[in-house]
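Notes for the one structure printed next.
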Ligand code: NAD
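The following block contains the structure:
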């Protein structure tokens, strides 16, 4: 089976769907890979490394020749979709819950599309869980950004010139990104607190050496382990509790999300105004609008001396390791869809059926 890897077209996307390491492994597993020239450059993987790994390098005009599947990071634009053939397999972050136009375009084209976001979070699919691998990168980088923007040291320092108190960090949302943010902030020596509406995570937060902040709000959990959106009354209670507590922290890293919904607004402007000048908020939910009312997605802004970092697509700021992990997730999915390099789609399988967002090929053709 031939797989094609295009250069990403989305602005600011530095990652690549397959690394040279993944190309070598897929070669052994019975796949043949063609890579668009320059596809890995921004992630630190030049064309020569792909050629050494056994890939065929091509310009976009010939990239899809003989290919049965296209693997990418972000969803293709309209022009790219028009170059896909009926029956072709497509794998990527396709935003199935929010980009209904894009998914419909793929369906109309007859493409059999698998969204990395839709892979069920079951033990058998853990190696394919790209939401987790990329959230891990986000959580780490979010804290590094915060440490860089903060005028304070993170660790406690006892020096001849006296003692510096450690930074106090609050992490809001303790899912995959939040737990990695806690671990990273702890490694840098900060004193860390965290909050999540899912009460079950309190133990995980504490096992990482952070304190669970009780804001008096408890949310419901879906069957898949995700948070449900809070009621309006709970939202108001959470905002009020945070307004009271936020001034205790030097740094806030927010990761709160509800799948398919805009990010919950946890931090009102009044709570930011209650923070000390020099405090930093890194809003890792900026891609879906942000957890802070003052976040401007894609930008860093200052408000009453508080820096609010709303950079989007944070995993793309660490493109080498983000691509390494993503490529392993994609490879695991490909080996599942095409064991031994031969496409064998079983839509009754929980992973294949769950991840396919355009419907079975017969339905697509119909
Ligand atoms: P996510 O990115 O959808 O959300 C991030 C966090 O925000 C979640 O912990 C959520 O509870 C929290 N949140 C939502 N609304 C909030 C609010 N108003 N205030 C504070 N926090 C709020 O979630 P995720 O990180 O992708 O993972 C969520 C769940 O999936 C977890 O239970 C995780 O353990 C589970 N998971 C399971 C597997 C598996 O293989 N079984 C793999 C990865 C994740």
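Residue numbers (this note's numbering): 1191 to 1556. For each residue, glycine too, the CB sits at the ideal point set by N, CA and C. What you are looking at is a predicted structure, and each value in this text was computed from that prediction instead of being measured.
Residue i: CB within 6 Å of a non-hydrogen atom of the ligand NAD
i	result
residue 1387	yes
residue 1296	no
residue 1366	yes
residue 1416	yes
residue 1557	There is simply no residue 1557 to check, as the chain begins at 1191 and stops at 1556 in what is shown.
residue 1316	yes
residue 1397	no
residue 1256	no
residue 1480	no
residue 1363	yes
residue 1458	no
residue 1328	no
Residues near residue i by beta carbon distance below 8 Å, same chain, minus five either side
i	result
residue 1239	1210 and 1230
residue 1492	1498
Straight-line gap, residue i to residue j (C-alpha atoms, nearest Å)
i	j	result
residue 1470	residue 1298	46 Å
residue 1522	residue 1351	53 Å
residue 1486	residue 1323	25 Å
residue 1252	residue 1312	37 Å
residue 1556	residue 1549	With a pLDDT of only 42 at residue 1556, under the threshold of 50, the placement of this residue in the model should not be trusted; the figure read from the coordinates follows. Near 10 Å, if we compare the C-alpha coordinates of residue 1549 and residue 1556.
residue 1462	residue 1408	23 Å
residue 1315	residue 1286	18 Å
residue 1342	residue 1515	32 Å
residue 1233	residue 1197	11 Å
residue 1489	residue 1503	12 Å
Close beta carbons around residue i, own chain, < 6 Å, minus the five adjacent residues each side
i	result
residue 1199	1267
residue 1374	1330 and 1333
residue 1327	1505, 1508 and 1512
residue 1344	1337, 1357, 1378, 1379 and 1380
Option in the options with minimal Cα separation from residue i
i	options	result
residue 1499	1541, 1515, 1473 and 1382	1473
residue 1334	1398, 1295, 1377 and 1356	1377
residue 1481	1413, 1431, 1443 and 1277	1443
residue 1505	1330, 1254 and 1217	1330
residue 1220	1545, 1524, 1549 and 1536	1524
residue 1460	1372, 1227, 1478 and 1435	1435
residue 1429	1458, 1440 and 1437	1458
residue 1367	1394, 1355, 1289 and 1218	1394
residue 1338	1322, 1357 and 1401	1357
residue 1406	1397, 1415 and 1392	1392
residue 1537	1530, 1295 and 1545	1545
residue 1527	1318, 1256 and 1213	1318
residue 1304	1321, 1279, 1360 and 1289	1279
Beta-carbon proximity list for residue i, same chain, < 7 Å, skipping 5 on both sides
i	result
residue 1446	1362, 1363, 1453, 1454, 1456, 1475 and 1481
residue 1410	1418
Handout entry: Whole runs of the beta strand (DSSP E) within the segment 1321-1377, excluding any shorter than 3 residues
Key = Runs of the beta strand (DSSP E) inside the segment 1321-1377: 1347-1349, 1352-1354 and 1358-1362.
Handout entry: Ranges of the beta strand (DSSP E) found wholly within the segment 1443-1482, counting only runs of at least 3
Key = Within the segment 1443-1482, the complete beta strand (DSSP E) segments at least 3 residues long are 1470-1473, listed from N- to C-terminus.
Problem - Whole runs of the alpha helix (DSSP H) within the segment 1287-1323, excluding any shorter than 4 residues - result: The qualifying runs are 1290-1299.
Problem - Length at least 4, wholly inside the segment 1521-1554: the alpha helix (DSSP H) runs in chain order - result: Unbroken alpha helix (DSSP H) stretches of 4 residues or longer found wholly inside the segment 1521-1554: 1540-1545, given in chain order.
Exercise for the section: Ignoring anything shorter than 4 residues or poking outside the segment 1206-1260, list the alpha helix (DSSP H) runs there in chain order. Expected result: Here the runs fully enclosed are 1210-1218, 1237-1242 and 1250-1253.
Handout entry: 4 or more residues per run - each alpha helix (DSSP H) lying fully within the segment 1392-1428
Key = If only complete runs of 4 or more residues are kept, the segment 1392-1428 shows the alpha helix (DSSP H) at 1392-1397, in order along the chain.
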